[in-house]
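Student: Before we start, here is the structure in question, set down as structure tokens.
Number of protein chains: 2
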Amino acid sequence: MKRYNGYLIDLDGTMYRGTECIAEARTFVNELHRRGIPYLFVTNNSSRTPAQVAEKLRSFGVPAEEKHVFTTSQATANYIFEKKPDASVYVIGEEGLQTALADKGFRLAGEDADVVVIGIDRQITYEKFAVACLAVRNGAMFISTNGDIALPTERGLLPGNGALTSVVAVSTQVKPTFIGKPEKIIMEQALKVLGVPKEDVLMIGDYYETDILAGMNAGIDTLLVHTGVTTKEMLARYERMPTYTADSLLEWLDRL
Amino acid sequence: MKRYNGYLIDLDGTMYRGTECIAEARTFVNELHRRGIPYLFVTNNSSRTPAQVAEKLRSFGVPAEEKHVFTTSQATANYIFEKKPDASVYVIGEEGLQTALADKGFRLAGEDADVVVIGIDRQITYEKFAVACLAVRNGAMFISTNGDIALPTERGLLPGNGALTSVVAVSTQVKPTFIGKPEKIIMEQALKVLGVPKEDVLMIGDYYETDILAGMNAGIDTLLVHTGVTTKEMLARYERMPTYTADSLLEWLDRL
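Protein sequence lines, in the order shown, are assigned to chains R and L. Sequential numbering of the first sequence, starting at 1, is according to full-length UniProt numbering. Sequential numbering of the second sequence, starting at 1, is according to full-length UniProt numbering.
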């Protein structure tokens with residue numbers, strides 16, 4: 001039986017559900033930590049900084065420092081930096097995205113920006129959409145942190161960043177580059193941060209359409225854990241199966 | 001040569017461009033008025049009331065009363081009234097749409113609404129999108145005043161209502177019913193208001209994708225006037241041609 005030397009782990013639905021920790025996942029990550037096996041949490045949540053995410057995990061008793069968290073905001077900032085390190089950017093998004101872009105030193109601009117970046121923004125306005133449309137029509141590179149269509153909350157499924165991004169995509173008829181899961185852009189960066197060859201890495205998540213496809217797209221093995229979105233019944237409808245499945249991460253303890 | 005007994009006429013790009021009147025169109029409508037030929041302005045603009053639109057036209061010297069204006073907001077309110085006269089509605093939109101719905105006596109509701117209606121709303125918020133998504137997921141009928149992807153302004157092309165509507169459509173994966181041009185829903189209602197058999201009606205507009213397709217979809221003859229969006233070069237790329245074309249409406253005076 002194959003042993004993995006590094007783990008990429010999803011957060012929502014895998015480590016916690018909203019404000020409730022998933023105890024089996026906590027036990028699992030504590031065991032990774034105890035044995036010194038590298039792990040990195042990979043999240044499509046662009047609204048929080050890695051420090052804020054790590055703090056939330058620690059509040060649940062999960063061993064997590066800032067370095068254990070890789071967000072789609074960081075992946076987005078890295079991606080733009082690789083393409084155009086001196087880019088001016090127009091940003092729609094919350095603290096996590098704004099901080100990640102500021103950390104790379106990008107200048108902010110309006111409809112003359114080189115790059116338009118859209119992440120979830122619960123303070124969205126028509127004017128923000130308008131400037132983004134004008135900039136994209138002016139030829140700006142068009143990037144979206146992730147294509148998630150819905151955001152699970154206590155109230156139900158609210159609009160996700162993929163839905164907000166569609167305003168600009170539909171209006172300008174320009175397709176954005178999505179960075180987050182299931183795209184391999186975020187995964188390839190996460191593998192670099194983790195520092196383990198991809199043959200030895202396992203991607204763990206609860207949602208076939210993002211986590212498992214992300215692993216498949218990046219060519220790494222996957223473990224679907226049925227603690228979140230994708231149930232066994234839902235999984236049965238897909239053609240391509242994850243490498244492994246589990247009811248909870250307790251089942252994976254003896255594979256460490 | 002066929003003579004028409006009634007005219008459906010687009011506004012933006014046909015009667016005016018932004019705040020500038022198209023003089024040839026003014027001359028044409030004054031001649032319709034002088035001869036007592038029925039005409040009705042048909043607009044996808046959901047933000048203004050018919051009274052406001054008529055006032056703008058009169059300020060340009062175009063003979064127009066409230067009864068000469070038919071907006072997609074009125075068509076939307078009529079459509080809902082036909083389907084469910086006692087419906088509760090959740091509305092995203094501006095004064096024209098809110099007034100049209102209030103005139104029909106619909107109750108306002110939130111995520112428990114029977115119908116979600118979306119029109120252009122330059123005071124859009126995430127919370128408005130959120131309630132619309134929750135209502136549609138709860139089974140509300142999903143209606144959009146029009147699918148225009150862009151709104152021409154002095155600043156350039158800003159997001160139109162079709163782009164805003166896509167947030168809810170993408171997030172819920174439910175397709176809305178669009179009411180405005182090029183849909184025949186608004187056209188069939190406009191024909192009733194005009195009160196002329198459709199064989200004897202000509203639809204005049206500047207934009208192939210909305211005005212001309214609307215006429216075609218409703219089975220009425222069309223005149224594309226090259227004073228707005230669709231140039232001769234653009235028109236040449238379409239397979240199905242309008243019944244007539246003209247550089248300006250002065251050319252149509254001797255056809256009255």
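Backbone N, C-alpha and C define an ideal beta-carbon position, used for all residues, glycine too.
Mind checking N44 of chain R: buried by the 16 CB within 10 Å criterion, or exposed?
Tutor: So N44 of chain R counts as buried.
Student: Let's see if you can read the secondary structure: which residues bound the beta strand (DSSP E) around M141 of chain R?
Tutor: Per DSSP, M141 of chain R belongs to the beta strand (DSSP E) from M141 to S144.
Student: Indicate whether the contact test is met: 3 or more Cβ pairs, each with one atom in the segment 187 to 196 of chain R and one in the segment 180 to 189 of chain L, closer than 8 Å.
Tutor: Judged by Cβ distances under 8 Å, the segment 187 to 196 of chain R makes no contact with the segment 180 to 189 of chain L, as fewer than three pairs qualify.
Student: Starting from the C-beta of G61 of chain R, find all residues in its chain whose C-beta is less than 8 Å away, skip the five residues before and the five after it, and write them out in chain order.
Tutor: For G61 of chain R, where only same-chain residues beyond five positions count, the Cβ hits under 8 Å are C21, R26 and N30.
Student: Considering I118 of chain R, what are the terminal residues of the beta strand (DSSP E) in which it resides?
Tutor: Looking at the DSSP string, the run of the beta strand (DSSP E) that includes I118 of chain R is V115 to I118.
Student: Does the segment 1 to 21 of chain R come into contact with the segment 196 to 211 of chain R, if we say contact requires no fewer than three beta-carbon pairs (one atom in each stretch) closer than 8 Å?
Tutor: These segments touch.
Student: What does residue 271 of chain L reach in chain R if we use C-beta pairs closer than 9 Å?
Tutor: What is shown of chain L runs 1 to 256, which leaves residue 271 of chain L out entirely.
Student: With DSSP as the reference, identify every bridge partner of L157 of chain R, one or two as the case may be.
Tutor: L157 of chain R pairs with R:P152.
Student: Please confirm if Y126 of chain L has its CB atom under 8 Å from at least one CB of chain R.
Tutor: Yes, Y126 of chain L lies at the interface with chain R (some Cβ there is under 8 Å from its Cβ).
Student: What does a CB cutoff of less than 7 Å around Y16 of chain R pick up in its chain, not counting 5 residues either side in sequence?
Tutor: Result list for Y16 of chain R: I22 and F60, in chain order.
Student: Who are the neighbours of F129 of chain L on chain R, taking C-beta pairs under 9 Å?
Tutor: Per Cβ cutoff of 9 Å: I124, L158, P159, A163 and L164.
Student: On the premise that D114 of chain R lies in contact with A140 of chain R, defined as a C-beta separation below 8 Å, what is that separation, rounded to the nearest angstrom?
Tutor: Indeed, because the Cβ distance is near 6 Å, the residues count as touching under 8 Å.
Student: Terminal residues of the continuous alpha helix (DSSP H) containing F81 of chain L?
Tutor: That run of the alpha helix (DSSP H) goes T72 to K83.
Student: When burial is assigned at 16 or more other CB atoms within 10 Å of the CB, is E66 of chain R buried or exposed?
Tutor: E66 of chain R should be labelled exposed.
Student: Do M216 of chain L and T222 of chain L come within 8 Å of each other at the CB atom, strictly closer than that value?
Tutor: Yes, they are a contact pair.
Student: Report the residues of the segment 163 to 184 of chain L with a CB closer than 9 Å to any CB of chain R, ordered along the chain.
Tutor: The residues in question are A163, L164, T165, S166, V167, V168, A169, V170, S171, T172 and Q173.
Student: DSSP puts Y90 of chain R in a beta bridge; with which residues?
Tutor: DSSP lists R:V116 as partners of Y90 of chain R.
Student: How is T99 of chain R classed by DSSP in three states: helix, strand or coil?
Tutor: Three-state DSSP puts T99 of chain R in a helix.
Student: Who are the near neighbours of F70 of chain L in its chain, counting only those whose CB is closer than 6 Å to its CB and skipping five residues on each side?
Tutor: Excluding sequence neighbours, F70 of chain L sits near L40, V42, A190 and V193.
Student: So that I know if they touch, is there some Cβ in chain L lying closer than 8 Å to that of R137 of chain R?
Tutor: Chain L contact via Cβ: present.
Student: So which of R:V168, R:T177 and R:A64 has the shortest CA-CA distance to N146 of chain R?
Tutor: The residue with the shortest Cα to Cα distance from N146 of chain R is R:T177.
Student: State the Cα-Cα distance for the pair G180 of chain L and Y126 of chain L, rounded to the nearest angstrom.
Tutor: Going from the Cα of G180 of chain L to the Cα of Y126 of chain L covers about 25 Å.
Student: Which one of R:R155, R:D112 and R:M203 has the shortest CA to CA distance from N138 of chain L?
Tutor: The shortest Cα separation from N138 of chain L among R:R155, R:D112 and R:M203 belongs to R:R155.
Student: Looking only at its chain, what residues have a beta carbon closer than 6 Å to the beta carbon of M203 of chain R, apart from the 5 residues adjacent to it on each side?
Tutor: Closer than 6 Å at the Cβ level, and outside the excluded window around M203 of chain R, lie L8, G215, I220 and T222.
Student: Can you tell me whether T14 of chain L is helix, strand or coil according to DSSP?
Tutor: Residue state, collapsed to three classes: coil.
Student: Looking at the ligand PLP, does it come within less than 7 Å of A214 of chain L, judged from the CB to the closest heavy atom?
Tutor: Because no ligand of any kind appears in the structure shown, any question about the ligand PLP cannot be addressed here.
Student: Does R48 of chain R pass the burial test, meaning 16 or more other C-beta atoms within 10 Å, or should it be called exposed?
Tutor: Burial call: buried.
Student: If you drop the 5 nearest sequence neighbours on each side, which residues of the same chain put their C-beta closer than 6 Å to that of L151 of chain L?
Tutor: Excluding residues within five positions, the ones whose Cβ falls inside 6 Å are L158 and G160.
Student: For L250 of chain L and V225 of chain L, what's the separation of their Cα atoms in angstroms?
Tutor: Rounded to the nearest angstrom, the two C-alpha atoms are 10 Å apart.
Student: Check whether the Cβ atoms of S166 of chain R and S166 of chain L lie closer than 8 Å to each other.
Tutor: Yes.
Student: Beta strand (DSSP E) containing F41 of chain R: first to last residue?
Tutor: Element bounds for F41 of chain R: Y39 to T43.
Student: Of all the options R:P242, R:Y207, R:S46 and R:P38, which has the alpha carbon lying nearest to the alpha carbon of D200 of chain R?
Tutor: When each option's Cα is compared against that of D200 of chain R, the closest is R:P38.
Student: Would a C-beta distance cut-off of 8 Å place V89 of chain R and V117 of chain R closer than the cut-off?
Tutor: For V89 of chain R and V117 of chain R, yes; Cβs fall inside 8 Å.
Student: Straight-line CA distance for C133 of chain R to T172 of chain R?
Tutor: Those two C-alpha atoms are separated by around 6 Å.
Student: Who are the Cβ neighbours of A109 of chain R in its own chain at under 7 Å, not counting the five residues just before and after it?
Tutor: For A109 of chain R, where only same-chain residues beyond five positions count, the Cβ hits under 7 Å are S88, V89 and Y90.
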